[in-house]
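The numbering of the sequence shown is the numbering used here, which starts it at 215 and goes up by one.
Here is the structure we will look at, set down as structure tokens.
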Amino acid sequence: MASEESNSSYEQQDNTNNGDDQAQSNGEHDQRKASGIRNRAAAIVENFSFLWFTLSMNTGILSMLMHQLPYQFHGLDILSTIMFVFNLFLFTLFFAILLLRIILYPKAIASALTSDLTELSLTGAVPIAWFTLLAQVGITVSTASWGGGPFFVVACVMFWIGTTVMVCIATLVIVILSKTEITTTDSLSPGIVIPFVGTTTNAVVQLLTVIYQGALIVNYSHGVTPGLAIPVIIVGYMLTGIGLFAALLLYAAFFIRLTNAGLPPPPQRPALVMLVGPCGQASAALQLLGTAAKSYFGKYGDATLYTSTTGETFSAVGTLLGLMLTGMAVLFTTFTAYLILESAFRRQCRYSLLWWSTIFPLATVCTAFISFSEEFNSPAFRVLAAGLLVILVIDYFINWAFTIRDIALGKLLNGRRSEKPASDREKKH
Numbered sequence: 215m216a217s218e219e220s221n222s223s224y225e226q227q228d229n230t231n232n233g234d235d236q237a238q239s240n241g242e243h244d245q246r247k248a249s250g251i252r253n254r255a256a257a258i259v260e261n262f263s264f265l266w267f268t269l270s271m272n273t274g275i276l277s278m279l280m281h282q283l284p285y286q287f288h289g290l291d292i293l294s295t296i297m298f299v300f301n302l303f304l305f306t307l308f309f310a311i312l313l314l315r316i317i318l319y320p321k322a323i324a325s326a327l328t329s330d331l332t333e334l335s336l337t338g339a340v341p342i343a344w345f346t347l348l349a350q351v352g353i354t355v356s357t358a359s360w361g362g363g364p365f366f367v368v369a370c371v372m373f374w375i376g377t378t379v380m381v382c383i384a385t386l387v388i389v390i391l392s393k394t395e396i397t398t399t400d401s402l403s404p405g406i407v408i409p410f411v412g413t414t415t416n417a418v419v420q421l422l423t424v425i426y427q428g429a430l431i432v433n434y435s436h437g438v439t440p441g442l443a444i445p446v447i448i449v450g451y452m453l454t455g456i457g458l459f460a461a462l463l464l465y466a467a468f469f470i471r472l473t474n475a476g477l478p479p480p481p482q483r484p485a486l487v488m489l490v491g492p493c494g495q496a497s498a499a500l501q502l503l504g505t506a507a508k509s510y511f512g513k514y515g516d517a518t519l520y521t522s523t524t525g526e527t528f529s530a531v532g533t534l535l536g537l538m539l540t541g542m543a544v545l546f547t548t549f550t551a552y553l554i555l556e557s558a559f560r561r562q563c564r565y566s567l568l569w570w571s572t573i574f575p576l577a578t579v580c581t582a583f584i585s586f587s588e589e590f591n592s593p594a595f596r597v598l599a600a601g602l603l604v605i606l607v608i609d610y611f612i613n614w615a616f617t618i619r620d621i622a623l624g625k626l627l628n629g630r631r632s633e634k635p636a637s638d639r640e641k642k643h
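Dropping the structure here:
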């Protein structure tokens, strides 16, 4: 009897010890799991790429195009507003992560900007995404029943903040290109145009983006006065000059790179669509700035320049130059489309975040088509704008499908720079 009680006591003690060991093991497992999650989150923040802001850019530009499309149907304005809200969410999320990276890992971001041309170029994506939000505040919120004229003032404040940041980024890029060996002519990336073409927004064109946004909010926002509009128009023309002429210099440098070193490797070829951006954005910017000049020059002051006749001249010249620039944008579109399709047929393509850069540059051409449809009252340009928008929306959702797939598979947001594109040029045989 005593022996049975002793055995029972030993069994209870063993069970207690086993339970303690299991609890301790589970606790250690939970700690390791929590530590792993923290380490992965820290690595994601440390290696966060500016490429992610192209998702916000593209969401914003499609929202704008839906709002401005000549062929409107019931519900399109609702879709535009949904895209605007989603863009606001994306920008807030990405900007918060970027701020954490700047605060927690300043050396890592400084190293990336001085050693990785793609990262340096895509710093312009941040203000471009900001400009798409600005545009929707001006053309949607300021005209809504719950919004109103005061929000145009908000849009103007956002414009000047974005303009300052965009010019600072463009200057920073020039300084880094001049003082470091981050790139050579033979390894130049088409993404380098982004900080200089910041006038609208497109994974490709950055300084011009600033200009176009200025024209857009002046033309389509509610409660605009000449006193608010004229400074935006004047600065808009200056910024368009920065974007366009800097892009022309970079076009020349990039074509020297093509003749000396050949094409980029197939995985990087989607980025070539960025070459479309400067011309498409400049075309849209000049047209919209001309329209704004025609509307407001005659209403502002007694200066010799500010007359209705001068405004009409600016508008006509803007349309003429816009046609020429759109022709160049179409040439770049066919060039890059051929190269991408060739790589696809040869099964040389693989998905990366660079595919997001195929939307914004073409969206600038769509914006130009919409402006032409209004200037010429042209059904042909309306059809072109609508058809191109449909293609861009399809491209947008395909990109989201692949992005979500790669996140689920651990290829993106895995704590490593897996979203960083290959940097070597195509090998010659």
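Glycine residues also receive a C-beta, built at the ideal position from the N, C-alpha and C atoms.
Which of helix, strand or coil does DSSP assign to histidine 281? helix
Where does isoleucine 317 sit, in a helix, a strand or coil, going by DSSP? helix
First through last residue of the alpha helix (DSSP H) which encompasses glutamate 556: 522 to 559
Residues in the same chain with beta-carbon distance under 8 Å from alanine 600, minus the five sequence neighbours each way, listed in chain order, please. Leu283, Pro284, Tyr285
Considering Cα atoms alone, identify which of Phe373, Ser403, Ser497 is closest to alanine 530. Ser497
I believe alanine 543 touches valine 490 by the beta-carbon criterion, under 8 Å. Please report the beta-carbon distance rounded to the nearest angstrom. 5 Å
Which residues bound the alpha helix (DSSP H) around asparagine 613? 593 to 622
For alanine 551, which of Thr581, Phe264, Met488 has the nearest alpha-carbon? Met488
Coil, strand or helix - serine 587 by DSSP: helix
Do isoleucine 406 and leucine 348 have their beta-carbon atoms positioned less than 8 Å apart in this structure? no
Out of Glu333, Pro484, Asn301, Ser329, point me to the one whose CA is closest to leucine 568's CA. Pro484
Do you know whose CA, among Ser277, Leu279, Ala384, Glu333, lies nearest alanine 461's CA? Ala384
Touching or not, the stretch 314 to 326 and the stretch 267 to 276, by the rule of three or more beta carbon pairs under 8 Å? Touching, no, given that fewer than three Cβ pairs across the two stretches are closer than 8 Å.
For proline 440, which three-state DSSP category applies? If DSSP states are grouped into helix, strand and coil, proline 440 belongs with the helices.
Could you name the residues of the same chain whose beta carbon sits closer than 7 Å to that of leucine 269, not counting the 5 residues immediately before and after it, in chain order? Leu304, Trp570
Look up cysteine 563 in the DSSP assignment and say whether it is helix, strand or coil. coil
Per the contact definition of three or more C-beta pairs closer than 8 Å, is the stretch 497 to 515 in contact with the stretch 575 to 590? yes
Answer yes or no: do phenylalanine 267 and alanine 343 have a C-beta to C-beta separation smaller than 8 Å? The Cβ-Cβ distance between phenylalanine 267 and alanine 343 falls below 8 Å.
For leucine 336, I'd like the list of residues in its chain whose CB is within less than 8 Å of its CB, leaving aside the five on either flank, ordered along the chain. These residues qualify, in order along the chain: Ser263, Phe264, Leu265, Phe267, Thr268, Gly405, Ile408.
Please report how far the alpha carbon of lysine 513 lies from the alpha carbon of methionine 452, in whole angstroms. 21 Å
Provide the residue span of the alpha helix (DSSP H) that contains methionine 372, from first to last. Unbroken alpha helix (DSSP H) run through methionine 372: 364 to 393.
Ordered along the chain, which non-local residues of its own chain (more than five positions away) have a Cβ less than 7 Å from that of asparagine 474? Thr399, Asp400
Proline 445 vs tyrosine 510 beta-carbon contact at 8 Å: no
Identity of the residue in Ala582, Ile584, Arg564 nearest asparagine 613 by Cα: Arg564
Please report how far the alpha carbon of arginine 561 lies from the alpha carbon of leucine 545, in whole angstroms. 25 Å
According to DSSP, is phenylalanine 262 part of a helix, a strand, or is it coil? Here phenylalanine 262 carries a coil assignment [DSSP, helix/strand/coil].
May I ask which residues mark the beginning and end of the alpha helix (DSSP H) holding serine 205? Here the chain covers residues 215 to 643 and nothing more, so residue 205 does not appear.
Please list, in chain order, all residues of the same chain as valine 379 whose beta carbon is under 7 Å from its beta carbon, the five residues on each side excluded. Pro341
Skipping 5 residues on each side, what residues in its chain have a beta carbon closer than 7 Å to that of valine 351? Closer than 7 Å at the Cβ level, and outside the excluded window around valine 351, lie Phe365, Val368, Ala369, Met372.
Which same chain residues end up closer than 6 Å to threonine 394 when comparing Cβ atoms and leaving out the 5 residues on each side of it in sequence? Thr328
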